[in-house]
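Q: The opening position of the sequence shown corresponds to residue 3 in my numbering, with each subsequent residue numbered one higher. The structure follows.
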Amino acid sequence: MRKKIAAGNWKMNLDYGQAKSLLQELIQLKDQFNPETEIIICPSAPYLAVFAELLNDHKWLKLGAQNCFHENEGAFTGEISPLQLKSLELEYCIVGHSERRDRFNEDYDFLSKKTRALLAHGINPIFCCGEQLQVRDSNVYKEFVMKQIEDSLFKLRPEELAKVVIAYEPIWAIGTGKTASCEQAQEIHSLIRARISKDFGDKVANEISIIYGGSCKAENAKELFAQKDIDGGLIGGASLNANGFCEISNSF
Ligand code: PEP
């Protein structure tokens, strides 16, 4: 059975003290989190090493990075390698968030390299895809999202693809308060699963978790997560509140 996931993307928010307080709040809420849901937090990179130590006794709470480079080491000032993430025993890393695609010009080839590099080190990529508002309105949004996935992920081996978490995040819904309707989200999630099934078979399609992101919060998570092909959420703003994030994780 595929994993149900609640992943918090803290983005470039919170100073060190605030981030540690939020972590402590989450740890204290342990008994209220559904043990059958994979709970992941992705804080800013400078906090990862300390968080990894603090979470040593709390393995139920998984740690992820927000980004990485694809090389293992070398003259790449400012970058973080999958090897370095692995040395912290991180289990997840976001790849291709729309903010990185748009603001840092990350293209399909670069994202494909990062995905491969993460998988080579046993780190599960949380691969983001999703269309801008003008693409949604132009009605080619389905083809657009499928191409993002095909271009970056379809050269993986089936057993590699099964380890990727796909996050469908319509850009017009990210941080805007405008959530995709359940029907809009389910439509894309089921298309992604069907597309994977066509090239990789039913086993991989049924194993892979496809999560939704875009103004997902406690008020709308239940309805979204009730959809057949939505296996959880990548949560931005709402993950900065421990109680709210916990409520979202209990919305299956
Ligand atoms: C995100 O950035 O991945 C995201 C989904 O943000 P928000 O929940 O704030 O829309």
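Each residue gets a CB set at the ideal place from its N, CA and C atoms; glycine is no exception.
(1) Any heavy atom of ligand 1 closer than 7 Å to the Cβ of residue 218?
(2) For residue 178, is the classification buried or exposed, using 16 other Cβ atoms within 10 angstroms of its Cβ as the cut-off for buried?
(3) Using CA atoms only, rank isn't needed, just tell me which of 160, 150 and 235 is closest to residue 184.
(4) Out of 108, 83 and 189, point me to the one whose CA is closest to residue 148's CA.
(5) Among the candidates 176, 193, 78 and 108, whose CA atom is the shortest distance from the CA of residue 134?
(6) For residue 115, which residues from the same chain have a beta carbon less than 6 Å from its beta carbon, with the 5 sequence-adjacent residues on both sides left out?
(7) Is it the case that the CB of residue 237 approaches a heavy atom of ligand 1 more closely than 7 Å?
(8) Would you call the segment 86-95 and the segment 24-32 touching, i.e. three or more CB-CB distances under 8 Å?
(9) Just to check my reading of the structure: residue 64 and residue 42 have Cβ atoms closer than 8 Å, yes? What is that Cβ distance to the nearest angstrom?
(10) Tell me which residues share the same chain as residue 138 and place their Cβ nearer than 8 Å to its Cβ, disregarding the 5 neighbours each side in the sequence.
(11) Compare the beta carbon distance of residue 209 and residue 164 with 8 Å and say whether it is the shorter of the two.
(12) So, helix, strand or coil for residue 8, using DSSP?
(13) Keeping to the same chain, check which residues put their C-beta closer than 7 Å to that of residue 100; ignore five residues upstream and five downstream.
(14) Could you tell me which residues DSSP pairs with residue 97 in its beta bridges?
(15) Where do the N-terminal and C-terminal ends of the alpha helix (DSSP H) with residue 63 fall, by residue?
(16) Distance, Cα to Cα, residue 20 vs residue 181?
(17) Alpha carbon to alpha carbon, how far is residue 161 from residue 155?
(18) Quick one: what does DSSP say residue 79 is sitting in, helix, strand or coil?
(19) Could you check if residue 99 belongs to the surroundings of ligand 1, using beta carbon to heavy atom distance under 7 Å?
(20) Hey, would you say the C-beta of residue 67 is under 7 Å away from at least one heavy atom of ligand 1?
(21) What separation, rounded to the nearest whole angstrom, lies between the Cα atoms of residue 124 and residue 158?
(22) May I have the straight-line CA-CA distance separating residue 169 from residue 248, to the nearest angstrom?
A: The answer reads as follows:
(1) True, at least one ligand heavy atom lies under 7 Å from that Cβ.
(2) Around the CB of residue 178, fewer than 16 other CB atoms lie within 10 Å, so the residue is classed as exposed.
(3) With distances taken between Cα atoms, residue 184 lies closest to 235.
(4) Nearest Cα to residue 148 within the set 108, 83 and 189: 189.
(5) From the listed residues 176, 193, 78 and 108, the smallest Cα separation to residue 134 is found for 176.
(6) Here the set comprises 72.
(7) In this structure, ligand 1 has a non-hydrogen atom nearer than 7 Å to the beta-carbon of residue 237.
(8) Segments in contact, no.
(9) Residue 64 to residue 42, Cβ: 4 Å. Contact.
(10) Taking C-beta separations shorter than 8 Å and ignoring five residues to either side along the sequence, the partners of residue 138 in its chain run 172 and 174, following chain order.
(11) Cβ atoms of residue 209 and residue 164: closer than 8 Å.
(12) Strand at residue 8.
(13) So the qualifying residues of the chain are 130, 132, 171, 173 and 176.
(14) Among the bridge pairs identified by DSSP, residue 97 is matched with 129.
(15) Segment 63-67 is the beta strand (DSSP E) holding residue 63; no alpha helix (DSSP H) there.
(16) If I take the Cα positions, the gap works out to 27 Å.
(17) Cα-Cα distance, rounded: 12 Å.
(18) Residue 79: coil per DSSP, three-state reduction.
(19) In this structure, residue 99 has its CB closer than 7 Å to one or more heavy atoms of ligand 1.
(20) It does not: the Cβ of residue 67 is nowhere closer than 7 Å to a heavy atom of ligand 1.
(21) Between residue 124 and residue 158, the C-alpha separation is close to 14 Å.
(22) Rounded to the nearest angstrom, the two C-alpha atoms are 19 Å apart.
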